[in-house]
Each structure stands twice: as C-alpha cells, then as structure tokens.
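I have placed the structure first, in the form of structure tokens, so that the comments after it can refer back to it.
2 protein chains.
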Amino acid sequence: MLNYIFNPKTIAFIGASEEPKTVGSGIALNLLQSKKKIFFVNIKSKKIFKRKTYKSILDIKEKVDLAIIAVPCAVVNKVATECALKKVKGVIVISAGFSENNNKERENELKEILKDIPLVGPNCLGILNTKNNLNASFAPFIPKKGNIAFLSQSGAIIDSVIDIARTENYGFSKIVSFGNEAGLDLSDYLDYLVKDKETKVIAIYIEGIKDGRKFLEVASKVSKIKPIIVLKSGKTELGKSAALTHTGSLAGDSKIYSSVFKQAGVIEVDSIEELLLTAKTFSFNEPCLNGVGIVTNGGGFGVLAVDYFDALKIKVPKLNEGKNPFDVLGDALADKYEIVMEAMLRQKDIHCLLVIQGLQIMTEPEKTAKIIVKLQKKYGKPIIASFVGGESFKKAVSIVEKNKIVNITEIKKAVKVIRYLTYEK
Amino acid sequence: MLNYIFNPKTIAFIGASEEPKTVGSGIALNLLQSKKKIFFVNIKSKKIFKRKTYKSILDIKEKVDLAIIAVPCAVVNKVATECALKKVKGVIVISAGFSENNNKERENELKEILKDIPLVGPNCLGILNTKNNLNASFAPFIPKKGNIAFLSQSGAIIDSVIDIARTENYGFSKIVSFGNEAGLDLSDYLDYLVKDKETKVIAIYIEGIKDGRKFLEVASKVSKIKPIIVLKSGKTELGKSAALTHTGSLAGDSKIYSSVFKQAGVIEVDSIEELLLTAKTFSFNEPCLNGVGIVTNGGGFGVLAVDYFDALKIKVPKLNEGKNPFDVLGDALADKYEIVMEAMLRQKDIHCLLVIQGLQIMTEPEKTAKIIVKLQKKYGKPIIASFVGGESFKKAVSIVEKNKIVNITEIKKAVKVIRYLTYEK
C-alpha cells in the first residue's frame with residue numbers, strides 16, 4: 001500500500017509557491033525534477049513556475065496518486081478532506097502544528113479523515129526515492145543512489161545526512177521523514193522496506209517509538225533479513241525534555257529502549273557519524289562470526305586495536321603462523337602484507353580482517369590497497385582497511401573504496417564497526 | 426640541557442646512507458633541509474649526497490652539538506663511546522635492538538656510556554622542531570608550525586599524525602619520539618616543554634610510563650601551566666601483552682594510570698582522533714568553567730547535544746531569555762543566531778557555546794560563521810561550531826577555522842572536547 005507514496009504516477013502538491021526559500025517553492029522545484037506528472041494547487045495563484053495551478057485538488061480532472069500538503073495548519077484538515085474525496089492513494093502532510101504543538105485534537109481529526117489512506121507525517125520533511133529520482137520533500141538535494149534506507153524523526157538530520165553523504169562513498173534507496181506518525185508509523189515503513197529490492201540496510205534516527213510492541217514484533221522479523229541500525233536520542237533526563245519540546249515524543253527510559261533494540265536484533269549506535277559508518281559497512285559487507293585478524297606496520301596501532309577489540313569482546317585468535325596482531329614492521333613492503341593477510345584469511349577461526357597501515361619509509365599504500373581488494377574477492381571475508389594518515393593515502397583509499405571496501409582512518413571506529421558486523425552463532 | 430637537542434648548531438649523523446627508502450638516507454635528506462651544519466659519518470662511504478663523509482665522529486674537527494646514531498645495534502655502543510669522547514652535547518639513538526628486544530644489558534651499557542649527555546631513545550624515530558625547521562628523524566615531512574608539542578612512544582603514530590595534520594588547521598612546535606627512554610624520559614621532556622615558548626599544549630601517546638612517581642610530580646606542576654592530553658594504550662590484558670612485544674613497556678593496570686592522570690591534572694582521551702581534536706581545541710581556546718549554551722536550527726541536534734552533555738555532567742543552564750538548547754527553527758536566518766548567541770554569551774553562568782547548524786531552506790552558513798567569529802572576539806568565551814553537513818558548509822567552516830574557532834561536524838565529538846575544555850572552580 002506504500003507503493004503509491006514511493007512510486008506515484010501523478011502528484012498533487014497543495015501549498016505550492018514561487019516565493020524563494022520557502023517550503024512551498026522548495027518542494028515545488030524538487031518535484032519538477034522528477035519525471036512524474038505534477039499538479040500544483042494554491043488557492044491564490046493562477047500559475048506557479050509557469051504551470052497551470054488549481055484552486056483545489058478537486059479541480060484536477062486526472063486521477064491523483066499522491067497528495068502532498070504544505071498549507072497553514074488551520075486549513076490542513078479541510079484540504080485533507082478534499083484529498084479523501086478525490087480518492088488519492090497516499091498523503092504526505094508536511095505542515096507542523098499538530099501533536100508536537102500540543103494540538104492532539106487536530107491530529108486525531110486528520111487521522112480520522114484519512115483513515116483509509118496511507119499518511120506520512122504530519123510535521124515532516126517528506127520522502128525521497130532515489131530509484132525514480134523522486135524528491136517529495138524540501139530537502140535541498142536528492143542523494144546518490146545506494147542500498148541504504150534512512151528513516152528519521154528529525155527533518156534537519158535528513159538534510160545534514162544528505163549533505164554529509166555528497167562526498168562519501170555510499171548512497172541511499174529511500175529516505176523518509178516520518179514526523180508525528182499520525183498514520184503510518186516506523187513499523188509500517190520497516191514492513192515496506194524489508195521487501196524493497198533497492199534496500200539492503202535500514203538506518204533510523206528516533207527520539208521515541210509510538211508503539212513499542214508493534215516495533216518489537218516487526219523489527220524482530222525484519223532484522224533477520226536486513227540489518228537495522230538505530231540512533232536513539234532523548235536518553236538522559238535533559239534530553240528527554242528536549243525531545244518532548246521538539247517532536248512531542250515521550251522519549252521514555254533509555255534502558256527499556258536498549259533492551260527492546262537488543263531483543264529485536266537492532267544495532268544501537270550513539271552518533272550520526274557512527275550511524276552512517278555502520279550503515280555503509282553493512283552496505284558493502286555481509287555480517288560475520290566473531291574472530292578478527294589484525295595486520296599492521298606499526299606496533300602502536302596494533303596495541304590500540306587489540307585494546308579496543310578486547311573491550312568489545314571481539315576475539316583476536318592466535319595465528320597458526322605467527323602473532324595476532326601481526327606487526328609486519330615499519331620497513332614492510334606490500335608483499336609482506338599479502339603473505340600475512342593470506343595466512344589469516346585461510347585460518348578458520350578468523351572471519352574478518354583489520355588491515356592497518358601508517359606511512360613509513362618503505363610503505364607502499366597503493367600496492368597494499370590492490371592486495372586488499374584482490375584477497376577480499378578471493379576469500380570473501382570482510383576486510384576493513386585503516387590507512388592511518390591523510391594526503392599520502394588518498395590514492396590507496398580510493399582504490400579500496402571503489403571496490404566497496406570501507407576505509408576508516410581512526411582505528412577505534414574501525415573496531416566498532418567490526419563489532420557491529422559480528423554476530424554470534 | 427635539552428636545548429642542544431632541539432637547537433643544535435652542528436649535527437653529526439652516524440649511519441648516513443644514500444640508499445633510497447632506508448633510515449640512513451631518510452634522516453640524511455631530512456637533515457639537509459635544515460639550515461644547520463651537518464656532518465655525515467659512515468665507515469664505508471667517502472661521499473654521501475655529494476658531501477664529504479667521515480669514518481668516525483672523532484675525525485670531525487669542529488665541535489658537534491648533536492649526534493644522531495642509526496647504525497646496527499651491535500655497534501651502537503662503540504659509536505656512542507666515540508660521541509662521548511667527542512664531547513657532544515646531546516645524542517639521539519634511532520637504532521632498535523635494546524630493552525624492547527630483551528637486550529637490557531646493551532641498553533644499560535649505553536646509558537652508562539652517555540650518563541652525562543642527554544640521550545633520546547634508543548629505538549625511536551627522532552625529534553622535530555618546526556621553529557628552526559629541524560627534522561632530526563626519519564618522519565617523511567616536517568609538519569606546519571603551531572603550538573602543539575607531541576610526544577610519542579610509537580614512531581609510526583608520529584608519521585601518521587604528521588600526515589593527518591597536513592590538511593588540518595593546527596600545527597606543531599616540537600615532536601619527540603622518545604623510544605625506550607634509556608636517558609631522557611617523558612618527565613624530562615615535560616620539564617623542557619613547560620618553558621618552551623612555542624608550546625601551548627602537550628599531547629602524548631604512551632604504552633607505559635617508566636617512572637610513575639616522577640611523572641606524577643612533574644605532570645602535576647606542568648598541567649597547571651599547560652594542558653597535557655594523553656592517549657594511553659595497553660589498557661586490556663591483550664593490549665598489555667601487545668605493548669610488551671612492541672616497545673617492551675609494562676603497560677600496567679589501566680585504572681592506576683587513569684587515577685595518576687587524574688591526580689596530575691592530565692586529560693586522558695581514548696583515540697588518536699580525540700587526541701588531535703582535543704589538542705587543537707586547547708591550541709585555539711583557554712579552559713572555561715562548567716556551563717554551556719546550545720543554539721541549533723534543528724531540534725534533533727539539540728536533543729542529541731543535551732544527551733551527550735548531560736551524560737558528561739556538563740551544565741546546560743536555563744537561559745534568562747528563553748530555552749537552552751535554543752532551537753532557532755529551520756527557517757532561521759543568521760540574525761536569529763546572532764540574537765540568541767549574544768543573549769547566551771551575556772549570561773554569567775554560560776561559559777562556552779556550542780553553535781549547531783544544519784542546512785535547511787533559509788540557512789545562511791557564511792553569515793552565521795562571521796557572526797560566530799565576531800561574537801567570539803567580543804565576549805572572549807570559547808565557541809565550538811558544529812556545521813552538520815559537508816560540501817554546503819565548506820566556506821562557513823573555513824571562515825571560522827581561519828579565525829581559530831574549531832568546527833566539529835559530529836556533535837558527540839564537539840561535546841566531548843567541551844567537556845575536556847571545562848574545569849571546576
């Protein structure tokens with residue numbers, strides 16, 4: 001039933017405008033970039049961006065699949081009633097001024113009006129579908145195509161994530177700003193995404209969950225098929241009260257949330273950066289069993305890595321043919337890396353590699369990068385590269401990243417994503 | 426007494442070589458880039474890089490301030506004896522093969538030979554002094570000038586830090602790879618750096634401390650004058666055994682270390698990234714009292730920030746003229762930021778600001794950046810900027826960073842450095 005929201009053939013946008021830097025013009029311009037049939041509705045204007053504009057959705061003769069509403073909150077329900085009469089197949093209400101603003105009554109009324117029609121929002125940014133180039137939101141750009149779906153209770157975080165991702169090596173399938181969840185809730189989107197062919201990983205930002213039981217049930221099923229990664233805010237007392245003012249969410253006890261996530265097989269992270277890095281790692285890799293091999297050309301890096309792994313209960317099995325972490329030493333050429341990596345990849349209790357390289361006198365970053373790519377293909381086990389440096393490793397990083405191998409400069413973060421990638425038998 | 430090591434007029438390098446990608450040629454080429462008088466010593470060669478080469482340091486007629494030794498470990502002590510006879514004023518032993526390799530006897534002998542001469546190493550990368558462009562190490566480049574001193578037990582981490590810093594907005598005064606500390610130890614360097622005019626902040630990577638009592642005494646004094654930031658590895662059982670193999674350090678109980686650091690007023694961080702970010706923050710800012718004001722144009726960012734601050738016990742005082750965090754909302758222009766920031770900066774119990782901005786429809790990043798710069802100068806309180814995005818904020822970030830205001834994209838990290846910057850009355 002969500003298909004009409006993500007793949008509408010015809011869209012009516014009620015509240016379209018030409019005035020620059022407004023939600024009305026932002027969404028209008030974004031919609032015009034899709035190849036869908038778009039109808040603008042505005043009670044005052046005759047033309048918007050040179051297009052015929054309708055006074056009401058009811059004046060449109062053709063069928064309308066999706067209606068997007070961005071009008072003052074006082075008239076949203078009137079407009080929604082017309083959408084129901086028009087028999088649209090889905091509605092997105094962008095407008096704020098509902099339960100997040102203590103106006104629970106207006107939200108209940110909206111819910112009642114649209115009870116048989118899937119509803120995104122109210123109080124949201126909209127949705128994006130990269131497959132058909134649909135930006136039904138006021139996010140400033142449509143991100144690169146990729147296999148990560150991102151669901152967020154905060155619209156601003158979506159804007160930021162899209163901007164951060166512009167120079168990163170991952171992309172998105174669908175993005176949903178779900179707002180107050182008067183109609184569709186988080187679990188409904190999960191239900192849809194588990195069957196979505198473009199989506200491999202689901203990343204979520206939330207302040208609170210409306211229906212905990214439903215989430216536990218749905219997420220438990222979905223997480224067996226696609227990894228779900230959650231950033232939950234409103235964890236502390238101060239954070240909870242901030243969340244209440246922001247989205248009207250009852251953030252609740254963070255320990256209860258964490259335990260629900262754990263039960264449901266959901267991975268909980270604690271920053272936007274970690275959310276994206278973990279999603280990217282799952283976008284490129286399959287989960288693996290517990291047991292990591294570490295190759296490094298600097299002993300200090302090895303000590304740091306082992307510290308981090310040990311603290312997170314990741315096993316660092318003894319290598320049959322040497323030590324783990326294996327320090328190839330500062331004068332190691334790339335071939336030394338190859339020998340050690342291959343010994344590790346052949347060993348049965350090593351399921352994943354962390355390959356660390358700092359720039360020392362004999363270091364061959366590009367050659368090492370090519371070996372990483374070759375051996376990852378040969379053995380199929382996940383490899384995380386950690387080229388610890390900047391400028392000097394640009395080429396090497398681009399070689400591994402082009403081949404869908406994640407490079408993470410900071411070893412602590414590399415270890416953390418390996419922890420998330422690991423499951424127990 | 427360390428002045429001859431960091432500011433020698435004449436340097437003899439014993440173990441110089443022309444062979445590419447070796448320690449011998451690496452150091453030789455680095456030394457030639459300084460404007461010091463350099464003498465190469467090599468028992469076999471007559472000329473190295475077209476310079477006259479001596480068979481022994483004793484063949485040099487002029488005085489030698491600093492001798493650098495990079496010869497096979499079996500002959501280090503013979504060469505060191507000649508350095509002592511030559512009455513050099515300082516020695517750096519690069520060569521490995523001492524206590525880290527279970528050869529405690531050889532290290533004791535070296536110590537005895539050079540007992541009256543300051544000794545860096547053995548088993549180290551060397552030292553760098555950006556003020557006089559001296560790279561007496563085999564690190565591949567000399568970093569930008571700045572006010573951060575970096576002391577490291579791991580040479581590879583120095584190489585990486587220098588490479589990471591190439592595209593970053595901070596610089597270094599002195600860098601020391603202190604190795605096995607047979608002569609000079611960590612505390613001796615702290616003693617020197619506290620008086621060093623070029624140094625404002627001291628960053629340290631260690632696996633273990635040789636003389637804990639001396640460190641506690643010295644660091645306690647130094648930290649009252651200049652912030653000391655430490656990354657200590659070898660914290661877990663596995664990490665400890667890795668450290669032992671790497672630098673021969675007894676990593677010891679990490680709780681004891683943490684308590685010593687706390688007593689000594691030393692800031693302990695847990696990754697290379699955090700070490701550098703914290704050093705940079707202190708490089709640009711003075712410490713402040715506990716109390717932060719948060720401005721944001723996205724409620725979700727505010728909730729995240731408050732969560733992180735609350736967990737780290739940083740106060741978020743109520744604003745006399747509104748809420749804290751103050752959400753200027755998604756449609757805020759830069760002038761709204763200015764009004765709120767100024768109200769916060771005027772308030773007595775707010776000692777520091779976190780200014781968060783995501784890219785929304787009306788956002789004016791460059792204007793906001795200029796306001797941040799202006800108000801920081803006007804009120805003198807530390808401000809950390811968090812432009813949460815990528816490409817769209819490049820200009821804004823460069824405006825604040827040029828004016829020595831730290832921008833940190835990830836809010837969690839921004840909060841953490843504010844925690845480190847905060848002291849209690």
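Top line first, the protein sequences correspond to chains U and X.
Using our numbering, the letters of the first sequence map in sequence onto residues 1 to 425.
Using our numbering, the letters of the second sequence map in sequence onto residues 426 to 850.
Just so it is clear, CB atoms sit at the ideal spot from N, CA and C, and this is done for glycine as well.
Using DSSP with H/G/I as helix, E/B as strand and the rest coil, what is residue i?
i      : result
L714/X : coil
R591/X : coil
G15/U  : coil
F387/U : strand
D752/X : strand
E693/X : strand
K926/X : Because chain X is modelled from 426 through 850, residue 926/X falls outside the range shown and cannot be assessed.
C498/X : helix
A219/U : helix
C549/X : coil
K55/U  : coil
Q688/X : helix
Q357/U : strand
S99/U  : helix
S658/X : coil
G637/X : helix
N832/X : strand
V88/U  : coil
Please decide whether residue i counts as near chain U, where near means a Cβ-Cβ distance under 8 Å.
i      : result
G814/X : yes
F563/X : yes
T447/X : yes
G755/X : yes
H671/X : yes
E698/X : yes
Using a Cβ-Cβ distance under 8 Å, would residue i count as near chain X?
i      : result
D116/U : no
I418/U : no
M344/U : no
D270/U : yes
S386/U : no
P325/U : yes
K255/U : no
G26/U  : yes
E410/U : yes
For residue i, which residues in the same chain have their Cβ closer than 8 Å to its Cβ, ignoring the five residues on either side in sequence?
i      : result
E534/X : N502
L186/U : L151, F178, I204, I206, I209, K210 and F215
L312/U : V415, K416 and R419
List, in order along the chain, the chain X residues whose C-beta lies closer than 7 Å to that of residue i?
i      : result
T199/U : Residues of chain X passing the Cβ test: none, with the nearest at roughly 22 Å.
D159/U : G783, L784 and Q785
Cβ closer than 8 Å: which chain X residues qualify as neighbours of residue i?
i      : result
N297/U : A581
Report all residues from its chain with a CB closer than 7 Å to the CB of residue i; omit the five preceding and five following residues, and keep chain order.
i      : result
F401/X : Look at the range of chain X in this structure, 426 to 850, and you will see that residue 401/X is not part of it.
G390/U : none
K829/X : F709
E791/X : K820, A821 and I824
N749/X : G718, I719, V741, P742 and K743
E342/U : L375
What does residue i reach in chain U if we use C-beta pairs closer than 7 Å?
i      : result
A668/X : V303
D588/X : L359, G389, G390, E391 and S392
Y630/X : G300
Which residues in chain U sit within 8 Å of residue i, going by Cβ to Cβ distance?
i      : result
T478/X : Those within 8 Å of T478/X in chain U number zero; the least Cβ separation is about 21 Å.
T592/X : G390 and E391
In its own chain, which residues sit with a C-beta less than 6 Å from the C-beta of residue i, not counting the 5 before and 5 after it?
i      : result
M1/U   : P118
V41/U  : A12, I14, Y54 and I57
A757/X : N722
Are any of the Cβ atoms in chain A nearer than 8 Å to that of residue i?
i     : result
V88/U : Protein chains in the displayed structure are U and X, and chain A is not among them.
Legend entry - Within 9 Å of chain X by C-beta, residues of the segment 296-319 of chain U in sequence order: T296, N297, G298, G299, G300, F301, G302, V303, L304, A305, V306, D307, Y308, F309, D310, A311 and V316
Legend entry - Short-range partners of chain U found in the segment 650-667 of chain X, where Cβ spacing is below 9 Å: L656, S658, G659, K660, T661, E662, L663, G664, K665, S666 and A667
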